[in-house]
Amino acid sequence: MNIILLGAPGAGKGTQATKISERYRLPHISTGDIFRANIKNGTEIGLLAKSYIDKGELVPDEVTCAIVKDRLTWEDAKDGCLLDGFPRNLFQAAELDKFAKIDAVVNINIDFSLLMDRLCGRRVCKECGESYHVSTLNGATVCSRCGGELYQRKDDNPETVKSRLEVYNEQTAPLIDYYTKRGIILNFTGSEAPADVLFAEIAAVLDKKIG
Ligand code: AMP
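This note's numbering runs 16 ahead of the 1-based position in the sequence shown.
Here is the structure:
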C-alpha cells in the first residue's frame, strides 16, 4: 500500500507521518528530510537543494523525482511506503504515476492563519525529528522523547514561510483535485488540538482501508 500525505507546510504532516508509518509499518519517505540529510552531509544534491530550500522554492522536479524513484526501489519499500512532501506539483504527480501505484492520499486541510506562528515557532529535534512549538517548551533545549538537541529550521522564518505557503497554494493545492477525481483522497482537518486527536481520526479511516 502506497500512501501520500498531503497538506500545507505546518499542517502536521511530519508528526502524522511518524505515527502512520509506525502503525502500518510503512517506511516514511520525506523528500524534505532527504534534502536536509544531503545538506548536512555536504553532498552535491544537498548543495543544490539548499539554494532552493532557503528561498522557500521547490527543488527542481528532475532531481526530486529521481530521488524518489530510486528510494522506492529499496527493499523496505517493496510492500509500500508513506510519501511525505512528495509529490508537490502536478508534474511530480504524473511522474510518480509512472513508477508507483498510489492507493490513498491522506490530505490534511488546515486554517492558514495558524501556519505562520506554527512554523516560525517550530523547534525540531536533530536526532529523532520530533517537533515542538517554542511556546510549550518552557525554555527546554532538548527533546523530551530522546534527549536530542532542538533547533530551528532555517526555512522556518517569516519571509521563507510566506514563499512556502504561496508555493503550496499555487503548485501543491491543485493535487487535491487531481486525487479527488481519482477517488483516492481521504480528507481531514488539522487544528490546534493535540496531534493524537487527528491521528485517531486518520487511523480509524486507514484501519478500514488497510485492515
Ligand atoms: P518539507 O520538509 O517537506 O517542508 O520540505 C522543505 C523544503 O524542501 C521545501 O520547502 C522544498 O524547498 C524542498 N522540497 C521538499 N519536498 C519537495 C518536493 N517534492 N519537490 C521540490 N522540493 C521539495
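Beta carbons are placed, not taken as given, at the ideal position from N, Cα and C, and that holds for glycine.
Item                                                                                        : Value
C-alpha gap between K197 and K71, whole angstroms                                           : 32 Å
Length of the line joining the Cα atoms of E186 and D86                                     : 27 Å
Distance CB(P43)-CB(D92) smaller than 9 Å                                                   : yes
Length of the line joining the Cα atoms of R104 and V158                                    : 31 Å
I50 versus L181: straight-line alpha-carbon distance, rounded                               : 20 Å
Beta-bridge pairing of N125 - partner residues as DSSP gives them                           : T205
Identity of the residue in G28, D77, G101 nearest I19 by Cα                                 : G101
In DSSP terms, what A120 is bridged to                                                      : I19
Rounded Cβ spacing between S147 and T31 (contact assumed at less than 8 Å)                  : 6 Å
Cutoff 8 Å; reference E131; Cβ partners in own chain excluding five residues on either side : The residue asked about is misnamed: residue 131 is Leu in this sequence, not Glu. If we look at L131 and ignore the five residues flanking it on each side, its Cβ neighbours are A24, P25, G26, A27, V177, L181.
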